Amino acid sequence: MYQALYRARRPEVFSEVLGQEHIIKILKHQVATGSVSHAYLFTGTRGTGKTTMARLLAKALNCTGEGERPCGTCPNCRAIAAGSFMDVIEIDAASNNGVDNIRELRESVKYPPQVGSKKVYIIDEVHMLSSGAFNALLKTLEEPPENVIFVLCTTEPQKLPQTILSRCMRLDFKRIPQNVLEDNMRLICEEKGVEIDEDALKLLAVNADGSVRDGLSILDQVLASGDAHITRDEVLEYLGTVGDEFFIELTDLVSLHKSGEALILLDQVLREGKDAKQLMKDWNAHYRNLLITKFMRNPDALLNMSRENVEKVKEQSMHIGFDEIDKAILRISKTINEARWSTQPRILMELDIVALSGGKGSYMTEAVPRPVREEKPAPVKAAAETVRPEPEPKQAEVPAEEPEEKVIPAAPQKPDILIKTMDMDKPVEVSREELERNARRDTTVFDSQVLDLDDLWRDAMEEGEATSGSFNLIRSWTRLKDVRKATYTVAVSTEFARKHVQEKMDAIDNIMSGILKRSMKGGIVLEKHTMEEKKAPEKDYAKEAKDALGLDIIVED
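Structural data, given as structure tokens:
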């Protein structure tokens, strides 16, 4: 049966591991001197060799061969490689993350090794364990029985309790350098009798993003075609993306504010079956290339493209300012993060094209009068004019000022509101205009601009979601009620939501300060709106005054 490259090329000895010399040096010295720790924590991004290194350590501790350990050829080494060695137990914490699973582990730890000299437990994706499982593991991890070694592997060490971290020797795995990946894939192609161009190798290594497994998976797909000679264009086809010429043209159209032509160009490549997510990543990399060529005299070593395209990128960078590059990189990076959860990444990329080519991508707009509020006197005007016996054609002859003069006296029919509190002997008069101004919740006027609170709050929550998924829940429970010069108010719908928002208040303050370019501090109010309140035909001015001013209201007609 055919084995995938990342399985067939799995290292059997320390010398075959790529790019982790600092960790190999530590482990080889500990094995040679018998100073192996009772618990290790292997951390790093995907595909950097964490689980492979854990198996190699288990081999080295149980190897029966002569010379450097592990030898990779003795019965114990071969059994561990085949996954049939009784004293090496691998546990997937993603599917065995409960307290009962750890209790079973604690029971099995009591038994001594059956075949080898050391019993090794490899717990992969250990950050997936529940809180109860971590607590159950603590004592055993701190003082395991003799001849028992724990190796914990994770890509997210920040999710582990400090009590676990303090009981382990932590070894951080680095991303594999691009040149090391290129050399390894070139060797594999030579062994298989396949000729591959250098620029194709560079493209494979760049898309591997420091992961050996990702690089070998892409190479496996390329080799599956059976071609004896592999070019850069073929690699682009397998990756679902296009060449540098497309991104140069797309960036030119966006820079010239030709959003329609840019959308047509995108549609052409998507019709060919290209992947929108991959296109976004490569477009972001193109803006990075523009940044490099703008500030380096000889950027060829840092750019993975032909000499002709390097010259084109140099020329393009002369016509595109740094602010435009900065805006594009930040926006596309944010979109790439959002596209991970989207079923329509194409729409997100089209939105980026329109926004970067001059569309409105901000929540700040010039203040404009609301037509709904201006049309309120219209019914009064109509009522006043029905009294007049003149026919409609003669109304056009009346000057524009005359209808307004007739309507104005009808407006102040509503009395002012009398506000009475427990501490006052006499009611305090407050004008209805002042009350409406204090109770207004839709927008907040600041510096001659209207701040759209809904858009601002959406932007803040989206920025927060990039760091914590709990912001998605906050968005559904809350709304931005008010923004002042140095403060803002968040309205929550439940007491539970208020406690959750309070825990994230420092992070929200930082996000709001970054968006508004000034120091902001937030407050929280509990606010419940019923459907009956929203459907009421007329405003409850007494309730609005009480909410806005904290006073008991008496409305006298």
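In numbering that gives the first Met the number 0, the protein residues as written are 0 to 556.
Every residue, glycine too, gets a C-beta built ideally from N, C-alpha and C.
On a predicted model such as this, the values are computed, not experimentally measured, just so you know.
In angstroms, rounded to a whole number, what distance separates the CA positions of G521 and A338?
-> 30 Å
To which residues of the same chain is A275 closer than 6 Å at the C-beta, ignoring the five residues directly before and after it?
-> P344, R345, M348
Beta carbon of S107, beta carbon of N61: below 9 Å?
-> no
Contact under 9 Å by Cβ, D226 with E236 = no
Where T334 sits in the DSSP three-state scheme | helix
I think T230 touches D182, with their Cβ atoms under 8 Å apart; what is that distance to the nearest whole Å?
-> Contact flag wrong, Cβ pair sits at about 19 Å.
Bounding residues of the beta strand (DSSP E) (the contiguous stretch that carries A3) | No beta strand (DSSP E) contains A3, which DSSP labels as neither H nor E.
Below 9 Å between beta carbons: does that hold for A465 and T477?
-> no
Excluding the five sequence neighbours on either side, which residues of its own chain have a C-beta within less than 8 Å of the C-beta of Q560, listed in chain order?
-> The structure shown does not extend to residue 560, since the chain is modelled only from 0 through 556, so no value can be given for it.
Within the present structure, is the beta-carbon of I148 separated from the nearest heavy atom of the ligand ADP by less than 8 Å?
-> Questions concerning the ligand ADP fall outside what the structure shown contains, since it holds no ligand whatsoever.
Grab me the residues of F133's own chain with a C-beta within less than 7 Å of its C-beta, minus the 5 sequence neighbours each way, in chain order.
-> If we look at F133 and ignore the five residues flanking it on each side, its Cβ neighbours are P160, I163.
DSSP bridge partner residues for F149 (one or two, in chain order) = The partner list for F149 (beta bridge, DSSP) reads A38, Y120.
Any idea what DSSP makes of I175, helix, strand or coil?
-> coil
Kindly give me the distance between the Cβ atoms of D171 and D123, rounded to whole angstroms, as I take these residues to be in contact under 8 Å.
-> Going by Cβ atoms, the distance from D171 to D123 rounds to 17 Å, so no, they are not a contact pair.
Inter-residue Cα distance where the pair is V567 and V253 | Here the chain comprises residues numbered 0 to 556, so residue 567 is not present and cannot be evaluated.
Pick out whichever of E20, D281, E526 has its Cα sitting closest to the Cα of E244.
-> D281
Relative to the C-alpha of N95, which residue among H126, I23, R174 is closest?
-> Comparing Cα positions, the closest option is H126.
Which residues in the same chain have their Cβ closer than 6 Å to the Cβ of M295, if we skip the five residues on either side of it in sequence?
-> none
In three-state DSSP terms, what is M348?
-> Looking at M348 - three-state DSSP - the assignment turns out to be helix.
Span of the alpha helix (DSSP H), counted from its first residue to its last, around T162 = That run of the alpha helix (DSSP H) goes 161-164.
Let me know the beta strand (DSSP E) ranges lying completely inside the segment 437-525, each 3 residues or longer, listed in chain order.
-> 442-445, 448-451, 477-482, 486-491, 520-525
Out of P143, S34, K326, D351, point me to the one whose CA is closest to P111's CA.
-> P143
Could you tell me which of T47, V114, A81, G33 sits nearest to D208, measuring between CA atoms?
-> T47
Could you give the residue range of the alpha helix (DSSP H) that holds I88?
-> Not the alpha helix (DSSP H): I88 falls in the beta strand (DSSP E), residues 87-91.
Please name the residue or residues paired with I229 in a DSSP beta bridge.
-> I195
Own chain residues within Cβ distance below 7 Å of N206, not counting five before or after = I217, L238
Endpoints, the alpha helix (DSSP H) within which P74 is located = 74-81
Local conformation of R105 per DSSP, three classes = helix
So what's R212 in DSSP terms, helix, strand or just coil?
-> helix
Cβ atoms of A80 and E11: under 9 Å apart, would you say?
-> A contact, by the Cβ cut-off of 9 Å.
Look at the alpha carbon of Y39 and the alpha carbon of R212, and state the distance between them as a whole number of angstroms.
-> 22 Å
What residues are listed by DSSP as bridge partners for R169?
-> R169 is bridged to L40.
Reference K191; option with closest CA among H499, K484, L4 | L4
Proximity to H256 [Cα-Cα], best of A485, T44, G357 = G357
Out of E20, E494, A459, D99, which has the shortest C-alpha to C-alpha gap to K333?
-> Minimum Cα distance to K333 is reached at A459.
Can you say whether E494 is buried or exposed, counting buried as having 16 or more other CB atoms within 10 angstroms of its CB?
-> Counting Cβ neighbours within 10 Å, E494 comes out exposed, since fewer than 16 surround it.
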